[in-house]
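Colleague: The structure that follows is given in the form of structure tokens.
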Amino acid sequence: MARKKVNLQWISNNATRRATYKRRSQGLEKKASELTTLCGIKLCVVMYGQGKAQPKVWPSDEEAKELLMKFNSTLDVSSLKKTKNQEEFLHSRSLKLHEQVSKLDHENRERETLDLLHDIMYGGRPGLVGTDKDELLSLRDMVEMKMRKIKARLQQLVVGERVLQQPLPQVMLPTSSSLQTQASCYTYNEMQSMAVLEEHRPLQQNWRLANLAPNYSPFAGCSSGGEMMHPYNLGACSGLPSAQ
């Protein structure tokens, strides 16, 4: 079966706490002995029981002192900058707890003052009746802080509106004279292009007639007998009756 998860918190019952300490300390000594045998290392365990003048040492006091002296002799001095003894650790811990408590007190006072301000705004305390001096001072400080925030926000909005109202950089647009000049240039270019096309058009027509001349003769006959036909008598070639 899976082992039940232990809730890691201080045991309030004295008898249960002492029994747990005795059982867990014996288990820790057993684990240390197994680690020494399996890995061939040297270690010691020092446990300070609650209300005990002397610590509980494993494997023995002499072996633990020898091992600790060897550890201190090989300890890097630079690593000692962040090390603390028991008194220094408790002092730093106490300072941190005091800071947390003061921060929570400040947040609670602000919350109470804000609730009081809302109560006054909704008519819960007409004329500030029942408000003591400390509450009035807290209300004054909160209102002043809110006013400073409002003024700062208004100043930001005014600056933003001024930036938006600044004129945009002017862009030079083409004038009517420049547009007319461009239009005349375009017209002149188009006229030149049309003139070039007109010059080349007779050449193209002459080239087409020259290619068609060998295949066409107005005096050639349609029959194989070489009969001469009038060039305008189209009926002889088409088989249609000629006009009388």
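Counting from 13, one number per residue, gives the positions in the sequence shown under my numbering.
Think of the CB as a built atom: it goes at the ideal place given N, C-alpha and C, for glycine as much as any other residue.
#1: Whole angstroms is fine: what's the gap from Asp-117's alpha carbon to Asp-131's?
#2: Report the three-state DSSP secondary structure of Val-18 (helix, strand or coil).
#3: Based on the DSSP secondary-structure assignment, which residues constitute the bridge partners of Val-69?
#4: Report all residues from its chain with a CB closer than 7 Å to the CB of Thr-143; omit the five preceding and five following residues, and keep chain order.
#5: Go ahead and pull the three-state DSSP assignment for Ile-132.
#6: Between which residues of its own chain and Glu-122 is the CB-CB distance below 8 Å, once the five residues before and five after are set aside?
#7: In terms of residues, what are the limits of the alpha helix (DSSP H) holding Arg-152?
#8: Just to confirm, is the Cβ distance from Leu-79 to Cys-56 under 9 Å?
#9: Which same chain residues, not among the five before or five after Ser-24, have their C-beta less than 6 Å away from its C-beta?
#10: In whole angstroms, what separates the C-alpha of Thr-32 from that of Lys-108?
#11: By how many angstroms is the C-alpha of Trp-22 removed from the C-alpha of Asn-84?
#12: Please report the Cβ distance between Leu-149 and Leu-129, rounded to the nearest whole angstrom; I am assuming they are in contact, meaning their Cβ atoms lie under 8 Å.
#13: Going by beta carbon distance, what residues of the same chain come within less than 7 Å of Trp-70, once the five residues before and after it are set aside?
#14: With a cut-off of 8 Å on the beta carbons, I'd call Ser-104 and Lys-96 a contact; round off their distance for me.
#15: Do Ser-37 and Lys-77 have their beta-carbon atoms positioned less than 9 Å apart in this structure?
#16: In whole angstroms, what is the alpha-carbon distance linking Val-170 and Pro-179?
#17: Starting from the Cα of Gly-61, find the closest Cα among Glu-74, Lys-158, Asp-73, Arg-29 and give me that residue.
#18: Quick one: Cα of Gln-53 to Cα of Asn-26, how far?
Modeller: This is what the structure gives:
#1: Numbered from 1 along the sequence shown, position 105 holds the residue referred to as residue 117. Numbered from 1 along the sequence shown, position 119 holds the residue referred to as residue 131. Their backbone Cα atoms lie some 21 Å apart in a straight line.
#2: As a first step, residue 18 must be located in the sequence shown, where it is residue number 6. Val-18: coil per DSSP, three-state reduction.
#3: Here residue 69 is taken as the residue at index 57 of the sequence shown, counted from 1. By DSSP's assignment, Val-69 forms a beta bridge with Val-58.
#4: Sequence index remark: in the sequence shown, residue 143 carries index 131 (1-based). Excluding residues within five positions, the ones whose Cβ falls inside 7 Å are Arg-137.
#5: Numbered from its first residue, the sequence shown carries residue 132 at position 120. DSSP places Ile-132 in helix when its eight states are reduced to three.
#6: On the sequence shown, position 110 is the one that residue 122 refers to. If we look at Glu-122 and ignore the five residues flanking it on each side, its Cβ neighbours are Met-154.
#7: On the sequence shown, position 140 is the one that residue 152 refers to. Here the alpha helix (DSSP H) through Arg-152 covers 145 to 177.
#8: Looking up residue 79 in the sequence shown gives position 67. Looking up residue 56 in the sequence shown gives position 44. Yes, the pair counts as a contact, with Cβ atoms nearer than the cut-off.
#9: Here the question's residue 24 lines up with position 12 in the sequence shown. Spatial neighbours of Ser-24 in its own chain (CB-CB distance under 6 Å, excluding positions within 5 residues in sequence) are not present.
#10: Sequence index remark: in the sequence shown, residue 32 carries index 20 (1-based). Sequence index remark: in the sequence shown, residue 108 carries index 96 (1-based). Thr-32 and Lys-108: Cα-Cα distance of roughly 30 Å.
#11: Within the sequence shown, the letter at position 72 stands for residue 84. Within the sequence shown, the letter at position 10 stands for residue 22. Cα to Cα, the separation comes out at about 32 Å.
#12: Taking the sequence shown and counting its residues from 1, the one referred to as residue 149 is at position 137. Taking the sequence shown and counting its residues from 1, the one referred to as residue 129 is at position 117. So it is not a contact: roughly 13 Å between Cβ atoms.
#13: Reading the sequence shown from its first residue, position 58 is the one you call residue 70. Glu-41, Ala-44, Cys-56, Val-57, listed in sequence order.
#14: Against the sequence shown, residue 104 aligns to sequence position 92. Against the sequence shown, residue 96 aligns to sequence position 84. Confirmed, Cβ separation roughly 7 Å.
#15: The sequence position of residue 77 within the sequence shown is 65, counting from 1. The sequence position of residue 37 within the sequence shown is 25, counting from 1. Against a cut-off of 9 Å, the Cβ pair of Ser-37 and Lys-77 comes out as no contact.
#16: In the sequence shown, residue 170 corresponds to position 158, counting from 1. In the sequence shown, residue 179 corresponds to position 167, counting from 1. Here the C-alpha atom of Val-170 lies approximately 16 Å from the C-alpha atom of Pro-179.
#17: Position 49 of the sequence shown holds residue 61. Minimum Cα distance to Gly-61 is reached at Arg-29.
#18: Position 41 of the sequence shown holds residue 53. Position 14 of the sequence shown holds residue 26. Residue identity check: residue 53 is Ile in the sequence provided, not Gln. Roughly 36 Å separates the two Cα atoms.
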